[in-house]
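Shown next, in structure tokens, is the structure this report addresses.
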Amino acid sequence: MSLQLYNNAVKDYNNRICRFADKLLMDSNVAKDITQETYTRLWENRTSVDFLNVKSWLFTTAYRLSMDHLNRSKRYLKEDSIPERWLEQDQPDLQKIVSDSLALLPEMQRSIVLLKDYEGYSYEEIGQMLDLNESQVKVYLFRARKKIKDYIGDLKLVF
Amino acid sequence: MENIEQLIFDYHEGNLSDAEKAELLNIIHQNPEYEKDFALWAQTYAHVPNNVPDYGLTGLLLQKAVPVWYSQYWLPLSIGAVSIIIGIIGFFSWFHEKDNNFYNAPKQEHRSPILEPIYLVKPQTIKSRQVIAPQKKQIPKAVNKNLQTEATLKKNIAENKELILIVVPVEEPNEKKQVTVTTIIARPDTLTNTTNINNQTTNEEKMKSKPKRKLPLNLKPSPDFMPVNPNF
């Protein structure tokens with residue numbers, strides 16, 4: 019990978035990588051650090067990484083770095099109750115509610131939802147990045163959407 | 005239906021064919037209680053934004069271009085420059101050390117002409133059965149004026165064994181001019197100048213009045229001598 023191709027990868031995917039890490043970790047500062055670390059590793063391994071597969075390589079590296087961070091910090095982002103800020107609004111924004119509901123999911127399910135909905139990866143590609151088979155990806159994704167659907171349904175009952 | 009949620013999930017994921025989609029919609033239409041779940045499943049995809057936010061990392065992550073020659077030859081050039089600098093420093097340090105060794109070398113000791121080293125004679129260990137032979141002395145060519153008479157010489161022979169036999173030709177007043185040889189025995193310490201036989205008696209008196217001359221000693225030291233340097 020030449021210098022120009024590396025810079026193209028920076029321009030095309032650095033914000034997407036950061037958003038993925040931000041949604042996964044629920045911390046924008048840590049997400050920026052992980053993004054920088056991801057591109058640092060890409061620069062160090064630029065001779066061995068193919069430019070055609072650089073997007074999947076970046077997301078895979080960002081996911082692993084995020085998991086390492088969560089394991090070190092031992093943070094559990096899953097919430098069992100509806101946040102109070104949702105109850106304060108008269109007409110809560112559905113997009114923001116669903117986006118915040120990702121914090122209710124485990125890290126694996128959250129990662130799959132982000133890669134599927136935000137980046138448009140297929141089940142097979144997600145399986146390669148997260149070291150899962152296709153059926154496992156479908157199962158995790160089904161459970162994640164069902165949980166989001168249940169919380170949305172409970173919220174509408176409140177409103 | 006237990007698998008209605010799975011079908012609804014597959015419907016929204018795009019995993020069903022057209023026939024399967026039509027069958028599912030027919031089931032939902034026949035069962036209105038499934039419409040609420042069908043709508044909630046659709047709302048789970050509402051969190052996807054239309055645009056990607058900018059986190060301000062693009063400028064930090066971009067790599068600047070470097071000259072081709074720098075990227076290819078910086079390593080050998082840097083190694084060469086470092087080796088040259090090390091060589092120059094090593095040469096100057098060696099040269100400086102060499103000068104210091106020259107100027108700081110120990111100076112040779114200057115001996116004054118007056119003071120001469122004192123040579124001590126190595127004591128000889130004489131064994132009980134060792135026999136020391138008398139040293140042979142060289143016979144000088146000159147003959148002393150103060151030659152003694154034969155009587156005194158014979159007396160000296162009995163007293164001192166270290167005598168030298170000297171042969172001196174004497175001319176007698178006869179027609180045939182026969183040369184007779186007179187043997188004279190003298191001590192080596194009395195032999196200094198040419199002979200004067202006519203003045204034997206006067207020479208004998210002079211010997212008594214004048215002090216004895218000592219022949220110059222041989223200054224060559226023997227191998228047994230141990231020279232001692234007074235400067236130590």
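Those sequence lines, one after another, are chains A and B.
Position one of the first sequence corresponds to residue 19 (the numbering used here), numbered consecutively onward.
Position one of the second sequence corresponds to residue 5 (the numbering used here), numbered consecutively onward.
Note that CB positions come from ideal geometry on N, CA and C, so glycine has one too.
1. Between which two residues does the alpha helix (DSSP H) carrying A:D51 extend?
2. Can you name the residues of chain B whose CB is closer than 8 Å to the CB of A:D68?
3. Anything in chain B within Cβ reach of A:Y57, meaning under 8 Å, just list it in chain order.
4. In whole angstroms, give me the CA-to-CA distance for A:L159 and B:Q34.
5. Where does A:D68 fall in DSSP's three states?
6. Quick one: does A:I170 have its CB under 8 Å from some CB of chain B?
7. Of all the CB atoms in chain B, is at least one closer than 8 Å to the CB of A:N151?
8. With a Cβ-Cβ cutoff of 8 Å, do B:L11 and B:L28 count as a contact?
9. Once the 5 residues before and after A:Q127 are set aside, which same chain residues still bring their CB inside 7 Å of it?
10. Expressed to the nearest angstrom, what Euclidean distance is found between the alpha-carbon atoms of A:N85 and A:L42?
11. Name the residues in the region 30 to 63 of chain B whose C-beta lies less than 7 Å from a C-beta of chain A; which are they?
12. Roughly how far, in whole angstroms, is the beta-carbon of A:S129 from the beta-carbon of A:L148, given that I think they are within contact range, below 8 Å?
13. Pull up the distance between the alpha-carbon of A:L184 and that of A:G145, whole angstroms please.
14. List in chain order: all unbroken alpha helix (DSSP H) runs of 4+ residues lying wholly within the region 103 to 144 of chain A.
15. Looking at B:K3: is its Cβ nearer than 8 Å to the Cβ of B:Y15?
16. Which first and last residues belong to the alpha helix (DSSP H) in which B:H237 is found?
17. Does the separation of the CB atoms of B:L61 and A:Q54 fall below 8 Å?
18. Measuring only the C-alpha atoms, how far is B:Y59 from A:N33?
19. For B:Y15, report the span of its alpha helix (DSSP H) as first-last.
20. Check whether chain B comes within 8 Å of A:L76, counting only Cβ atoms and requiring the distance to be less than that.
21. I want to verify the contact list: residues of chain B whose CB lies under 8 Å from the CB of A:Q54, in sequence order.
22. B:A69 touches chain A at which residues, Cβ-Cβ below 7 Å?
23. Establish whether the CB of A:R163 and some CB of chain B are separated by less than 8 Å.
24. Hey, would you say B:L66 sits closer than 8 Å to A:K167, going by beta carbons?
25. In its own chain, which residues sit with a C-beta less than 8 Å from the C-beta of A:H87, not counting the 5 before and 5 after it?
26. Below 8 Å on C-beta distance, what does A:S84 contact in chain B?
27. What is the residue span of the alpha helix (DSSP H) that B:G63 lies within?
28. Can you tell me which of the three DSSP states B:Y77 falls into?
29. Give the interface partners of A:Y158 over in chain B, defined as CB-CB distance under 7 Å, in chain order.
30. Are any of the Cβ atoms in chain B nearer than 8 Å to that of A:D135?
31. By a C-beta neighbour count over all protein chains shown, 10 Å radius and 16 as the cutoff for buried, is B:Y77 buried or exposed?
32. Compare the C-beta of B:E9 with all C-beta atoms of chain A and state if any pair is closer than 8 Å.
33. Answer with yes or no whether the minimum CB distance from B:S21 to chain A is below 8 Å.
34. Span of the alpha helix (DSSP H) holding B:D58?
35. If you draw a straight line from the alpha carbon of B:S97 to that of B:L81, how long is it in whole angstroms?
Looking at the atomic coordinates:
1. 46 to 62
2. The premise fails here: A:D68 is roughly 18 Å from chain B at the closest Cβ pair, so nothing lies under 8 Å.
3. L65
4. 28 Å
5. coil
6. yes
7. no
8. yes
9. Y158, R161, A162
10. Reading off the sequence, residue 85 of chain A comes out as Met, not Asn. Roughly 9 Å between the two C-alpha positions.
11. L44, W45, Q47, T48, Y49, A50, H51, V52, V56, P57, D58, Y59, L61, T62
12. 6 Å
13. This structure cannot settle anything about residue 184 of chain A, because the visible part of chain A is limited to 19 through 177.
14. 112 to 119, 125 to 135
15. In this structure chain B extends from 5 to 236, so residue 3 of chain B is not present and cannot be described.
16. Nothing about residue 237 of chain B can be read from this structure; chain B reaches only from 5 to 236.
17. yes
18. 6 Å
19. 8 to 17
20. no
21. L61, L64, L65
22. L21
23. yes
24. no
25. L43, V48, I52
26. Going along chain B, no residue has its Cβ under 8 Å from A:S84, so there is no contact; the nearest lies around 15 Å.
27. 62 to 65
28. helix
29. Ordered by position in chain B, no residue passes the 7 Å Cβ test against A:Y158, which lies about 12 Å from the chain.
30. yes
31. exposed
32. yes
33. no
34. From DSSP, B:D58 is part of no alpha helix (DSSP H); its letter is neither H nor E.
35. 24 Å
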